[in-house]
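Asks: Sharing a structure here in structure tokens format.
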Amino acid sequence: MIGQSRAASAAQTGTGRAWWKEAVIYEIYPRSFKDSNGDGIGDLPGILEKLPYIRDLGVDTIWLAPIFQSPNRDNGYDISDYRAIMPEFGTMDDFERLMAKASSLGIRIIMDLVVNHTSDQHPWFQKSRASKDSPYRDYYIWRDSAQGHPPNNWPSVWGGSAWAFEPETASSYLHLFSPQQPDLNWDNPAVREEVFSIMKFWLDKGVSGFRMDVITMISKMPSFRDMTPEELKAPEYVYAAGPHLHTYLREMNDRVLSHYDVMTVGEAYGMHAQDIPLFTDSARRELDMVFAFDIVHVDRQGWRKVAWPLSKLKEIYAAAGRPRSPDSWNTVFLDNHDQPRAVSRFGNDSAPFREVSAKAIGTMLLTQCGTPFIYQGEELGMTNLPFDGLDDFEDVQVPLQWDTRVKRQGVDPDAFLESLKGLGRDNARSPMQWDASRHAGFTTAEKPWYRVNPNYTEINAQDCVSNAGSVYHYFRDLIALRRKYPALIYGTYQDQDPDHSAVFFYSRQLESSKILILINMSDRGFTYDTPLLARASLLLSNMRHRGVTQDVTWLAPWEARVYRA
Ligand code: GLC
Ligand code: CA
Numbered sequence: 001m002i003g004q005s006r007a008a009s010a011a012q013t014g015t016g017r018a019w020w021k022e023a024v025i026y027e028i029y030p031r032s033f034k035d036s037n038g039d040g041i042g043d044l045p046g047i048l049e050k051l052p053y054i055r056d057l058g059v060d061t062i063w064l065a066p067i068f069q070s071p072n073r074d075n076g077y078d079i080s081d082y083r084a085i086m087p088e089f090g091t092m093d094d095f096e097r098l099m100a101k102a103s104s105l106g107i108r109i110i111m112d113l114v115v116n117h118t119s120d121q122h123p124w125f126q127k128s129r130a131s132k133d134s135p136y137r138d139y140y141i142w143r144d145s146a147q148g149h150p151p152n153n154w155p156s157v158w159g160g161s162a163w164a165f166e167p168e169t170a171s172s173y174l175h176l177f178s179p180q181q182p183d184l185n186w187d188n189p190a191v192r193e194e195v196f197s198i199m200k201f202w203l204d205k206g207v208s209g210f211r212m213d214v215i216t217m218i219s220k221m222p223s224f225r226d227m228t229p230e231e232l233k234a235p236e237y238v239y240a241a242g243p244h245l246h247t248y249l250r251e252m253n254d255r256v257l258s259h260y261d262v263m264t265v266g267e268a269y270g271m272h273a274q275d276i277p278l279f280t281d282s283a284r285r286e287l288d289m290v291f292a293f294d295i296v297h298v299d300r301q302g303w304r305k306v307a308w309p310l311s312k313l314k315e316i317y318a319a320a321g322r323p324r325s326p327d328s329w330n331t332v333f334l335d336n337h338d339q340p341r342a343v344s345r346f347g348n349d350s351a352p353f354r355e356v357s358a359k360a361i362g363t364m365l366l367t368q369c370g371t372p373f374i375y376q377g378e379e380l381g382m383t384n385l386p387f388d389g390l391d392d393f394e395d396v397q398v399p400l401q402w403d404t405r406v407k408r409q410g411v412d413p414d415a416f417l418e419s420l421k422g423l424g425r426d427n428a429r430s431p432m433q434w435d436a437s438r439h440a441g442f443t444t445a446e447k448p449w450y451r452v453n454p455n456y457t458e459i460n461a462q463d464c465v466s467n468a469g470s471v472y473h474y475f476r477d478l479i480a481l482r483r484k485y486p487a488l489i490y491g492t493y494q495d496q497d498p499d500h501s502a503v504f505f506y507s508r509q510l511e512s513s514k515i516l517i518l519i520n521m522s523d524r525g526f527t528y529d530t531p532l533l534a535r536a537s538l539l540l541s542n543m544r545h546r547g548v549t550q551d552v553t554w555l556a557p558w559e560a561r562v563y564r565a
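Counting along the sequence shown from 1, when you hit position 139 you're at 139 in UniProt numbering, and nothing is skipped either side.
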């Protein structure tokens, strides 16, 4: 089907069906996945070596976090050459070998498209900053600021001003992220042409689509007026409200995407849930799906980590399950390279609950409405990293946030550090735990690029694969179940008990096929009786060892069951 136009493939598959709706997607953060040459850094041959592991899990699509040439201020989210592979990760030949092998295993690959900004080392920016007369000047967003004062009060989303002053031309450039990530000027048609041509370059190599990094921020507010104090509390909503965003996405779709049978998933940072159909309603011809941020806000208020009631999660999934437009599609994710580990956040990562709760929340991930995304190690129940102090963090945003919150706003350093331990992105970025050998089998180097979680002797892939009761095998079973029952993909959603504070009980239904999902989202066991289960048959449970004679009204801590009604 690859290479066919989208219109042709839609006609073929009929009402609203699509391969990317049926896909189970696995995100790889290449730096931390598998090192093949002993330099301590994960690489493309390392991924190639592990493709059978991914295929055996039942995954059919991989999202590769950026593998392009980059000075790595933000681990590849700062690109200096969009058509070259980062030498640390390998060569273009390695990439082509990876594509070929993946394709032979029935696995598609989607790439990370990071085009809100480039690296400050990108030749475009080098030329842009060199002179006001450069043809590349307007590739970026410059404002005169003779005295070095920022042109307005816009903050970087990580803290500090969003403007960096350049004395050579007495002007400042805009960077919504770190100063090493200058924002591209999408209002310049030449920039859009460059992006479309980069997209075609990779699509013509056979990649199956893109995850689009902070794509909501590409259109800037034309007046560049100061933000109000209210707006400054959450500037990402202002940055995502640019007037031409949807026009540019439609242009991208017309010019590029509509000519290939590929999928797109946009990172909808700064977007309110009710605005999401504007991207995903297929009639609008923009994107296929987006990552909404409501799930990642569930346990945070500003920088602070807060407790969350189950009712919040239920509201999010109920809203996502309500058909918002005739043909709009969702994503489901609990984890990615920007988030703490799912089991530490939504489950309970301490004994005796780690494995059972990782399975319980995995049940939720793979039975909710939308295409599920698994992040490397989630299928093992990998946990957050232990941190002693600030020096243990590697993430570029940490010092920027520390400066703003602690040094400038006077936030209590201990409280800030505590939240950071729970919410920090580094939690997700420690090397994948392959086996119980040194450095978890990730590398043979003296030192991996980043710390391995010391719990690797207990939590690792080798162990999980050889143990039929592991989190890994349970994920496999869930993925297989999802493939077997289309109701889990295309079915409607109904919360069967919205008010219960510990039980998450919902159904998915497609015509006469109805699946019931019952999850105890707590550390407590209790009796839970519902007539709905009387004639239902159990398809999967994370408590298989429990005998059939056991009272089915008893729900053990984090027990999860999937039934056919
Ligand atoms: C996205 C990426 C994140 C990156 C940021 C800036 O949020 O997921 O890792 O730091 O964009 O590119
Ligand atoms: Ca390597």
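Glycine included, each C-beta is placed from N, C-alpha and C at the ideal position.
It should be emphasised that the depicted structure is a prediction, and the values quoted were computed from it without experimental measurement.
#1: How long is the line joining the alpha carbons of N75 and A534, rounded to whole angstroms?
#2: Would the beta-carbon of E286 fall within 8 Å of that of N330?
#3: From G16 to Q368, what distance separates their C-alpha atoms?
#4: Could you tell me whether the segment 344 to 357 touches the segment 368 to 380, using the rule of 3 or more Cβ pairs below 8 Å?
#5: Taking buried to mean at least 16 other C-beta atoms within 10 Å of its own C-beta, is D529 buried or exposed?
#6: Which residue or residues does DSSP assign as beta-bridge partners of D183?
#7: Only counting the same chain, and skipping five residues up and downstream in sequence, which positions put a Cβ closer than 7 Å to that of A8?
#8: Given a threshold of 16 other Cβ atoms within 10 Å of its Cβ, counted over all protein chains shown, does H149 qualify as buried or as exposed?
#9: Am I right that G106 and W449 are in contact with their C-beta atoms under 8 Å? What's the rounded C-beta distance?
#10: Taking the C-alpha atoms as reference points, what is the distance between K359 and F416?
#11: Where do the ends of the beta strand (DSSP E) carrying W163 lie?
#12: Tell me, please, whether the segment 393 to 409 touches the segment 281 to 300 by the rule of three or more beta-carbon pairs shorter than 8 Å.
#13: Where do the ends of the beta strand (DSSP E) carrying E27 lie?
#14: Relative to the C-alpha of P179, which candidate in A170, G159 and V191 has its C-alpha closest?
#15: Are S208 and G242 close, meaning C-beta to C-beta below 8 Å?
#16: Pick helix, strand or coil for Y239, following the three-state DSSP scheme.
#17: Which same chain residues end up closer than 7 Å to Y506 when comparing Cβ atoms and leaving out the 5 residues on each side of it in sequence?
#18: Is the closest heavy atom of ligand 2 to the C-beta of N37 under 7 Å?
#19: Starting from the C-beta of L540, find all residues in its chain whose C-beta is less than 6 Å away, skip the five residues before and the five after it, and write them out in chain order.
#20: Opposite M212 in the DSSP bridges: which residues?
#21: Distance, Cα to Cα, M217 vs W186?
#22: Could you pull the start and end residues of the alpha helix (DSSP H) that N188 belongs to?
#23: Nearest by alpha-carbon distance to Q433: which of L423, D463, S131 and W124 is it?
#24: Would you mind working out which of I25, L44, V24 and V195 sits nearest F33, comparing C-alpha positions?
#25: Does ligand 1 have even one heavy atom less than 7 Å from the beta-carbon of H337?
#26: In whole angstroms, what separates the C-alpha of H244 from that of R73?
#27: Do you know whose CA, among A18, A560, V214 and V552, lies nearest M263's CA?
#28: Is it the case that the Cβ atoms of L278 and R211 are separated by a distance below 8 Å?
#29: Going by DSSP, name the residue or residues bridged to residue 568.
#30: Run the proximity test for Q181: is its beta-carbon closer than 7 Å to any non-hydrogen atom belonging to ligand 1?
#31: Classify K50 as helix, strand or coil using the three-state DSSP reduction.
#32: Who are the Cβ neighbours of E394 in its own chain at under 6 Å, not counting the five residues just before and after it?
#33: For V503, collect the residues of the same chain with a Cβ closer than 8 Å to its Cβ; drop the 5 residues on either side in sequence, then sort them by chain order.
#34: Taking the continuous alpha helix (DSSP H) assigned at residue 574, which residues delimit it?
#35: Going by C-alpha distance, which of Y375, S80 and G42 is nearest D335?
#36: Under the DSSP definition of a beta bridge, which residues are partnered with F373?
Replies: Short version:
#1: Rounded to the nearest whole angstrom, the C-alpha separation of N75 and A534 is 52 Å.
#2: Against a cut-off of 8 Å, the Cβ pair of N330 and E286 comes out as no contact.
#3: Put simply, the backbone Cα of G16 is about 18 Å away from that of Q368.
#4: As far as the Cβ criterion goes, the segment 344 to 357 does not touch the segment 368 to 380, which means the pair count is below three.
#5: Answer is exposed; the Cβ neighbour count stays below 16.
#6: DSSP lists H117 as partners of D183.
#7: Its pLDDT being 40, under 50, A8 is placed unreliably by the model, and nothing is read from it.
#8: That one is exposed.
#9: No, G106 and W449 are not in contact; Cβ-Cβ is about 31 Å, not under 8 Å.
#10: C-alpha of K359 to C-alpha of F416: approximately 30 Å in a straight line.
#11: Here the beta strand (DSSP E) through W163 covers W163 to E166.
#12: Taking a contact to require three or more Cβ pairs closer than 8 Å, the segment 393 to 409 and the segment 281 to 300 do not qualify as touching.
#13: Element bounds for E27: I25 to I28.
#14: Of the residues A170, G159 and V191, the one whose Cα lies closest to the Cα of P179 is G159.
#15: For the 8 Å CB-CB criterion, S208 and G242 do not form a contact.
#16: Here Y239 sits in helix by DSSP.
#17: For Y506, where only same-chain residues beyond five positions count, the Cβ hits under 7 Å are Y493, Q494, D495, Q496 and I517.
#18: Yes; taking the cut-off as 7 Å, the Cβ of N37 has a heavy atom of ligand 2 nearer than that.
#19: Here the set comprises D477, L481 and V562.
#20: DSSP lists L113 and G266 as the bridge partner or partners of M212.
#21: It is roughly 10 Å from the alpha-carbon of M217 to the alpha-carbon of W186.
#22: Annotation: N188 is outside any alpha helix (DSSP H) and is labelled neither H nor E by DSSP.
#23: Nearest to Q433 by C-alpha distance, out of L423, D463, S131 and W124, is D463.
#24: Nearest C-alpha to F33: L44.
#25: Flag set: Cβ of H337 near ligand 1.
#26: The straight-line gap separating the alpha-carbon atoms of H244 and R73 is approximately 29 Å.
#27: When only C-alpha atoms are compared, the closest one is A18.
#28: Contact flag unset, no.
#29: The chain is shown only over 1 to 565; residue 568 falls outside these bounds and no answer can be derived.
#30: Answer for Q181: yes, Cβ within range of ligand 1.
#31: Three-state result, K50: helix.
#32: If the five residues before and after E394 are omitted, its C-beta is found closer than 6 Å to the C-beta atoms of D426 and Y450, all from its own chain and listed in chain order.
#33: Cβ neighbours of V503 beyond the five flanking positions: D497, L518, I519, N520, M521, Y528 and L555.
#34: Residue numbering for the chain in the displayed model covers 1 to 565; residue 574 lies beyond these limits and cannot be assessed.
#35: Taking only the C-alpha atoms, the option nearest D335 is Y375.
#36: DSSP output for F373 lists I25 and F333 as bridge partner(s).
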